[in-house]
Amino acid sequence: MLLFELDNAGVQYNGSPALSGVTLKIHRGEKIAIVGPNGAGKSSLLGLLYDQHKEETSLLPQELGLVKTLSVFHNIFMARLNRHSVWYNLSNLAFPKKKEVEAIREVVQRLRFEDKLFTPAGELSGGQQQRTAVGRALYQHSRILLGDEPLSAIDEKQAGVVLDCLVKEHETVVLALHDVDMALSFADRIIGVKAGRIVMDQPTSGMTRSDLDDVFHH
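Mapped onto numbering that gives the first Met the number 0, the consecutive letters of the sequence shown carry residue numbers 0 to 217.
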């Protein structure tokens with residue numbers, strides 16, 4: 000089933016093109032990596048996709064949007080604020096409810112930093128903050144995940160665990176990644192973006208790192 004479709008789409012910032020001539024189709028169930036150098040247009044491409052299906056999408060932007068004074072628990076709980084009454088949310092802020100704590104503890108355990116459940120986000124390392132944002136996306140239980148470098152601050156060993164959680168929990172996954180090995184490890188399709196244009200769109204079967212060299216070099 001067709002999920003996203005772009006036809007000769009483009010994005011401009013202050014009159015300068017960030018993306019141009021983008022034609023793309025993505026079907027439900029696909030696992031896709033978007034690769035390319037910094038400034039290539041990967042974030043802009045994710046933004047175009049997000050605009051088509053905001054309601055059923057978990058978005059992991061580079062700006063994590065954490066409330067630094069609130070704990071990991073509360074930052075993750077914020078993914079479901081719209082499912083409860085204002086009174087319930089305020090009550091849970093002051094006195095965390097047991098069922099919410101247990102549900103979020105399970106998410107944090109899977110991401111391997113359960114000892115930080117009630118630590119303020121501002122006191123976490125960069126990798127732990129990124130895992131908090133990932134936890135929020137997992138807790139949202141959306142069918143689609145769009146992520147913009149969601150593993151960039153997480154060490155390689157932990158990143159594999161986090162990536163595995165994201166891929167298993169979402170029907171359709173599109174991640175912009177700078178780590179080519181990570182991209183090849185999970186994706187069934189790789190889209191290469193360079194200078195605001197799609198220069199590669201291929202299945203990953205049989206693909207190697209060297210096949211992606213042209214995307215990153217002049």
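Note that CB positions come from ideal geometry on N, CA and C, so glycine has one too.
Length at least 3, wholly inside the region 137–184: the beta strand (DSSP E) runs in chain order
143–147, 171–175
How about A136 and P119: are their beta carbons less than 9 angstroms apart?
In the sequence shown, counting from the first residue as 1, residue 136 sits at position 137. In the sequence shown, counting from the first residue as 1, residue 119 sits at position 120. It is not a contact, given that the beta carbons lie outside the stated cut-off.
May I have the straight-line CA-CA distance separating G146 from K41, to the nearest angstrom?
Taking the first residue of the sequence shown as position 1, residue 146 is located at position 147. Taking the first residue of the sequence shown as position 1, residue 41 is located at position 42. Per the coordinates, the alpha-carbon of G146 lies some 10 angstroms from the alpha-carbon of K41.
Could you give the uninterrupted runs of the beta strand (DSSP E) lying entirely in the region 16–45, keeping only those of 3 residues or more?
30–34
Give a yes or no on contact between the region 90–107 and the region 70–80, applying the rule of three or more CB pairs nearer than 8 angstroms.
The region 90–107 vs the region 70–80: in contact.
If we define contact as Cβ-Cβ less than 9 angstroms, is P149 a contact residue for chain D?
Reference to chain D is not applicable here, since this structure consists of a single protein chain.
Touching or not, the region 101–112 and the region 169–188, by the rule of three or more beta carbon pairs under 8 angstroms?
no
Proximity to E62 [Cα-Cα], best of L165, Q129, R208
Reading the sequence shown from its first residue, position 63 is the one you call residue 62. With distances taken between Cα atoms, E62 lies closest to Q129.
Give the DSSP-derived three-state secondary structure of M77 in the structure shown.
One-based indexing of the sequence shown puts residue 77 at position 78. The answer is helix: DSSP assigns M77 an H, G or I state.
What is the C-beta distance between A32 and A158, in whole angstroms, given that I count them as a contact (C-beta under 8 angstroms)?
The count along the sequence shown starts at 1 and reaches residue 32 at position 33. The count along the sequence shown starts at 1 and reaches residue 158 at position 159. The Cβ separation is near 13 angstroms, so there is no contact.
Buried/exposed call for N13, threshold 16 Cβ in 10 Å
Your numbering for residue 13 matches position 14 in the sequence shown. Exposed, since its Cβ has fewer than 16 Cβ neighbours within 10 Å.
Between which residues of its own chain and A186 is the CB-CB distance below 6 angstroms, once the five residues before and five after are set aside?
For this step, residue 186 is matched to residue 187 along the sequence shown. Within the same chain, A186 has close Cβ partners K30, I31, A32, T203.
Whole angstroms is fine: what's the gap from P95's alpha carbon to R82's?
Counting from one through the sequence shown, the residue named residue 95 turns up at place 96. Counting from one through the sequence shown, the residue named residue 82 turns up at place 83. In this structure, the CA atom of P95 is about 16 angstroms from the CA atom of R82.
Mapping DSSP to helix, strand and coil, what is V192?
Stepping through the sequence shown from its first residue, residue 192 is reached at position 193. Three-state result, V192: strand.
How would you label V198, buried or exposed, when you count the other beta carbons within 10 angstroms and need 16 or more for buried?
Numbered from 1 along the sequence shown, position 199 holds the residue referred to as residue 198. It is exposed - the Cβ of V198 has fewer than 16 other Cβ atoms within 10 Å.
Kindly indicate which residue of R142, L1, G20, G38 has the alpha-carbon position closest to the one of L176.
Counting from one through the sequence shown, the residue named residue 176 turns up at place 177. Closest by alpha carbon: G38.
State the Cα-Cα distance for the pair P60 and L48, rounded to the nearest angstrom.
Here residue 60 corresponds to residue number 61 of the sequence shown, with the count starting at 1. Here residue 48 corresponds to residue number 49 of the sequence shown, with the count starting at 1. Whole-angstrom Cα-Cα distance: 13 angstroms.
Helix or strand or just coil, what does DSSP make of A132?
Working through the sequence shown from its first residue, we reach residue 132 at position 133. Helix.
Within 10 Å of its beta-carbon, does S133 have 16 or more other beta-carbons around it, so buried, or fewer, so exposed?
Taking the first residue of the sequence shown as 1, we reach residue 133 at position 134. First, the amino acid is wrong: residue 133 is Val here, not Ser. Counting Cβ neighbours within 10 Å, V133 comes out buried, since at least 16 surround it.
What is the C-beta distance between L23 and V10, in whole angstroms, given that I count them as a contact (C-beta under 8 angstroms)?
Mapped onto the sequence shown, residue 23 falls at position 24. Mapped onto the sequence shown, residue 10 falls at position 11. Actually they do not touch by this definition, with Cβ atoms about 13 angstroms apart.
L45 versus S84, L5, F72, residue with shortest Cα-Cα distance
Counted from its first residue, the sequence shown places residue 45 at position 46. Considering only alpha carbons, the answer is L5.
Where Y87 falls, given that 16 or more other Cβ within 10 Å makes a residue buried:
Counting from 1 along the sequence shown, the entry for residue 87 is found at position 88. Exposed is the call here.
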